[in-house]
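Everything below concerns the one structure shown next.
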Amino acid sequence: MGKIFFKEKDLVVPGDVLAEGMDYLPSGGCIRENDKIIANHLGLVSQENRFVRVISLAGKYIPKVGDTVIGYVADMSFNGWFLDINGPYEAALMVKDVAEFIDKDADLAQFYNFGDLVIAKVAKVTRYSNINLTTKGPGLRKITGGKVLSITSTKVPRVIGKQGSMVQMLKEKTNCNIMVGQNGLVWIEGKSSEDELNATEAILKIEYESHIDGLTDKMKEFLEDKNELHKKK
Amino acid sequence: MSYTKRNDGRKFDEPRKMEAKIGVIPRADGSAMFKIGDTIAIAAVYGPRELHPKFLQNPEKGILRCNYDMTSFSVPERKKPGPSRRGTEISLVIEKSLLPVLDLNQFPNAVVDVFIEIIQANAGTRCAGITAASMALAHAGVPMRNLVSAVSVGKVGDKIVIDLDKSEEDYEEGATDIPVAMNGDHEITLLQLDGEISKDELLKALELARKGCAEIDKVQRDTLKEFYRGIKDE
Amino acid sequence: MNNDYIKSLVEKGKRIDGRNLDEFRKIIIETNISKNAAGSARCKIGQTEVIVGVKFDVGEPYPDSPDEGTIIVIAELIPVASPDFELGPPSPKATELARIVDRGIRESKCIDFKKLCIKEGEKIWMAFIDIYPLNDDGNLIDASVLASLKALSEAKFPKIVNDKVEHESKTNNGLKLNKLPVTTTLYKISGNILVDVNNKEEQVVDSRLSVSVADGNIHALQKGGDVALSIDDISKMIDIAMKKEKELAKFLK
Chain U
63 MGKIFFKEKD LVVPGDVLAE GMDYLPSGGC IRENDKIIAN HLGLVSQENR
113 FVRVISLAGK YIPKVGDTVI GYVADMSFNG WFLDINGPYE AALMVKDVAE
163 FIDKDADLAQ FYNFGDLVIA KVAKVTRYSN INLTTKGPGL RKITGGKVLS
213 ITSTKVPRVI GKQGSMVQML KEKTNCNIMV GQNGLVWIEG KSSEDELNAT
263 EAILKIEYES HIDGLTDKMK EFLEDKNELH KKK
Chain R
57 MSYTKRNDGR KFDEPRKMEA KIGVIPRADG SAMFKIGDTI AIAAVYGPRE
107 LHPKFLQNPE KGILRCNYDM TSFSVPERKK PGPSRRGTEI SLVIEKSLLP
157 VLDLNQFPNA VVDVFIEIIQ ANAGTRCAGI TAASMALAHA GVPMRNLVSA
207 VSVGKVGDKI VIDLDKSEED YEEGATDIPV AMNGDHEITL LQLDGEISKD
257 ELLKALELAR KGCAEIDKVQ RDTLKEFYRG IKDE
Chain C
1451 MNNDYIKSLV EKGKRIDGRN LDEFRKIIIE TNISKNAAGS ARCKIGQTEV
1501 IVGVKFDVGE PYPDSPDEGT IIVIAELIPV ASPDFELGPP SPKATELARI
1551 VDRGIRESKC IDFKKLCIKE GEKIWMAFID IYPLNDDGNL IDASVLASLK
1601 ALSEAKFPKI VNDKVEHESK TNNGLKLNKL PVTTTLYKIS GNILVDVNNK
1651 EEQVVDSRLS VSVADGNIHA LQKGGDVALS IDDISKMIDI AMKKEKELAK
1701 FLK
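Chains as they are written, first to last, in my numbering: chain U, 63 to 295; chain R, 57 to 290; chain C, 1451 to 1703.
Following this line, the structure appears as structure tokens:
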């Protein structure tokens, strides 16, 4: 059969041999070289049946189909908009891919205008780095209100946490609605600007201290202290 | 005259003490510091990012741009700030040393910029720069099929040695300096030489380089893994 | 949208990292970070990092000051430090930074230029102060001044043997700084005055004023930014700079 050279969730470095044998297939973050599968990203390796995958812990945001992203409308054409999603390329949102019904002669700016913030999903990515977004789907829409924060996309997994544990804790402790785009933009909406500020501070703190152990507990304590302070006022 | 003992007491096949760190430049997409003996190199990676001016763009794949620079005070006699012919040449060979391991197919029209700055120089600066750049590229998440490690080897007097320091490069009786870079599969991506050496001696030196690069590769891997240890556990 | 958020916070006297408007980030200064320099220092303010190296070389004095040496300050905004820095000749920003640092040192007379004289009318020391930011997270000016002063105070002259400078040597003689002309740059955002902006805040700065102070005296001023400042603004800014002098100078002792 084939051979596997790692344990689930091992940290791997480019060049590490992950598996040997034609039975295994690379499915992200790794490539096949002859009969070996090697990591070509720095990240955590995992296996599902025949598929070996490395989840990259680093890098500029590279859109994957299914990612939820937050972007700014940077440009418009006759049949759609182009969004800046904080990566090497702009992403296209075509009229046919938005949730709203748009008349043939409608003024596109009425729906999404320059500088508007949109929560969208990555629908398609082709080899020439054409990225197509869609706002058809639950929770996808133009954002009004709240605050948007930009963090480096590599820190997104840290802000979300294992199975969403970190962002869930942040939402509870700050009483805010928080949406983390895979591309590093974070939308925060709270009942008061004080709450939004706490959430912002907490997320920036996570970005700066992302390599410390036990970060979820540390952040929980940080926010609880803030709440205590506020109660005393 | 025989070079019987190295000026700093090292064995002939012993590189100087090494130290590496990841993430030293927070604003960069990837960064690393590599220190070997008294030579300190910092590498910062920005990209993939849009390439301007547009006529430089390659619609088939992304391009790599490297720039090697030394601070004016990194060397005993002050180096005037700004580009030099030496810096331009070194930038080019560094780019050629890293390109073979990079996978830039998914980044048409984009550029990956690698900036190397030498903070303190005691020979082996381009090798230290390449070693740091390799870690910085991995830290930046640029797809790469392997790391690249680099070290100088050469002939000092009559001995084949690894990791020449400045005093050995300037050895009165003559020295041959050979910077070498290798990927994780021991394939050579940088090779330069100046001096005088026979083919046999060169092959001996390259074998020494292979061992040295393997040692440096381990330092690079351990440093990268150590940096992310915290995330893995959470 | 980030920008509006930062502005609205400042209007309420708050900052995204929780600091007060008149609070500096953590300052760390280290010396001897580059052995081949006559003197060198690293200054970190938050995540902003600047390294400075001082090198001495022999030159001829200017005819109108035959017994005085010179200082030459250069700043290289290397692309390592920021995605906004490009390769090329010194930009206006780099030139301004160097000249602000120079002015503070020169006008405060913190070094005695006569101590840089080797042989009157013939030979003097030229002190090169080269500034290299390594990470730009805002407020490069204040960090550059601190690193430059520290590097200068640590710098030791090389030996001169047979009329030639032995660049690899170091004597025990250096320059004594008889004053510490630290610089506090004050920034105006949405009508409020702050110190030590980080990179995100720097994007929404309307105006800035760099104030070089030593022993309670103002030695240099530089206003930057597109928006005008009132005399009242300037008065308030100088007050803050005066208050900050002791706090910053402490890092140089």
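Ideal Cβ placement from N, Cα and C applies to all residues, glycine included. Please read these numbers as outputs of a predicted model, since none were measured by experiment.
Q) Opposite Thr1498(C) in the DSSP bridges: which residues? A) Ile1495(C)
Q | Chain-ordered chain U contacts of Tyr1512(C) [CB-CB under 8 Å] | A | Within 8 Å Cβ-Cβ: nothing; Tyr1512(C) doesn't reach chain U, min ~48 Å.
(Q) Can you tell me whether Ala168(U) is buried or exposed? The criterion is at least 16 other CB atoms within 10 Å of its CB, across all chains shown. (A) exposed
Q: Answer with yes or no whether the minimum CB distance from Gly1468(C) to chain U is below 8 Å.
A: yes
Q. Which residues, in order along the segment 189-206 of chain U, keep a beta-carbon less than 7 Å from a beta-carbon of chain C?
A. none
Q.
Within 10 Å of its beta-carbon, does Tyr1582(C) have 16 or more other beta-carbons around it, so buried, or fewer, so exposed?
A. Looking at its Cβ environment, which holds 16 or more other Cβ atoms inside 10 Å, Tyr1582(C) is buried.
Q. Cα-Cα, which of Asp1507(C), Lys1485(C) and Gly1674(C) is closest to Ala177(R)?
A. Lys1485(C)
Q) Curious, which full-length beta strand (DSSP E) runs of at least 3 residues does the segment 1595-1670 of chain C contain? A) 1609-1611, 1614-1616, 1632-1639, 1642-1645 and 1657-1664
Q) Does Asn123(R) get closer than 8 Å to chain U when you measure Cβ to Cβ? A) no
Q. Does the beta-carbon distance from Ala261(U) to Leu232(U) come in below 8 Å?
A. With a cutoff of 8 Å on beta-carbon distance, Ala261(U) and Leu232(U) are scored as near each other.
**Q.** Selected residue, minimal CA-CA separation from Lys1569(C), among Ser1558(C), Val1508(C), Ala1593(C) and Met1687(C)
**A.** If we check each option's Cα against that of Lys1569(C), Val1508(C) comes out closest.
(Q) For Pro76(U), would you say it is in contact with chain R, using Cβ-to-Cβ distances shorter than 8 Å as the test? (A) yes
Q | Span separating the alpha-carbon of Met89(R) from that of Asp273(R) | A | Distance from the CA of Met89(R) to the CA of Asp273(R), rounded to the nearest whole angstrom, comes to 14 Å.
Q: Excluding the 5 residues preceding and the 5 following Gly213(R) in the sequence, name in chain order all residues of the same chain whose CB lies nearer than 8 Å to its CB.
A: Shown here for Gly213(R): same chain residues with a beta carbon closer than 8 Å to its own, the five before and five after excluded, namely Met57, Ser58, Tyr59, Tyr227, Glu229, Gly230 and Ala231 in chain order.
**Q.** C-beta atoms of Tyr284(R) and Leu155(U) nearer than 8 Å
**A.** no
**Q.** Beta-carbon proximity check, Arg72(R) vs Ile92(R), cutoff 8 Å
**A.** If you check the CB distance, Arg72(R) and Ile92(R) come in under 8 Å.
Q) So, does the CB of Lys1703(C) fall closer than 8 Å to a CB anywhere in chain U? A) No, no contact with chain U.
Q: List the residues of chain A whose Cβ lies closer than 8 Å to the Cβ of Leu1459(C), in chain order.
A: No chain A is present in this structure, whose protein chains are U, R and C.
Q.
Which complete alpha helix (DSSP H) runs does the segment 166-229 of chain U hold, if anything under 4 residues is left out?
A. 218-222
Q | the segment 146-164 of chain U touching the segment 185-203 of chain U, judged by at least three CB pairs closer than 8 Å | A | yes
Q. Which first and last residues belong to the alpha helix (DSSP H) in which Ser58(R) is found?
A. Careful: Ser58(R) lies outside any alpha helix (DSSP H) and carries neither H nor E.
Q.
For Glu173(R), list the residues DSSP reports as bridge partners.
A. Ile98(R) and Asp125(R)
Q) Among residues of its own chain, excluding the 5 on either side of Glu1499(C), which ones have a beta-carbon nearer than 6 Å to its beta-carbon? A) Leu1584 and Asn1585
Q.
For Val75(U) and Asp85(R), what's the separation of their Cα atoms in angstroms?
A. 17 Å
(Q) Please tell me whether Ala189(R) and Val207(R) are closer than 8 Å, where the distance is taken between their beta carbons. (A) no
(Q) Here's the rule: buried if 16 or more other CB atoms are within 10 angstroms of the residue's CB, otherwise exposed. What is Pro1513(C)? (A) exposed
Q. By how many angstroms is the C-alpha of Lys253(U) removed from the C-alpha of Val80(R)?
A. 38 Å
Q: May I ask you to report which of helix, strand or coil DSSP gives Arg105(R)?
A: strand
Q: Go through its chain and collect everything with a Cβ distance to Phe176(U)'s Cβ below 6 Å, but skip five positions before and after it.
A: Within the same chain, Phe176(U) has close Cβ partners Val135.
Q: Check the Cβ of Ser1558(C) against every Cβ in chain R and list those closer than 8 Å, keeping chain order.
A: Those within 8 Å of Ser1558(C) in chain R number zero; the least Cβ separation is about 23 Å.
Q. Among Ile1610(C), Leu1547(C), Ala1601(C) and Phe1535(C), which has the Cα closest to the Cα of Ile1574(C)?
A. Ile1610(C)
Q) Are Trp143(U) and Leu179(U) closer than 8 Å when you measure CB to CB? A) no
Q: Using a Cβ-Cβ cut-off of 8 Å, state whether Met1451(C) counts as contacting chain U.
A: Here Met1451(C) scores only 48 on pLDDT, less than 50, and its place in the model should not be relied on; the value that follows carries that caveat. By this cut-off, Met1451(C) is an interface position.
(Q) Within the continuous beta strand (DSSP E) that includes Lys211(R), where are the two ends? (A) Val204 to Val212
Q: Pick out the complete beta strand (DSSP E) segments inside the segment 213-237 of chain R, 3 residues or longer, and give them in chain order.
A: 215-218
Q: Could you pull out every residue in the same chain whose Cβ sits closer than 8 Å to the Cβ of Ala184(R), ignoring the five residues on either side in sequence?
A: Closer than 8 Å at the Cβ level, and outside the excluded window around Ala184(R), lie Phe90, Lys91, Ile92, Thr95, Ile96, Ala97, Ile174 and Ala206.
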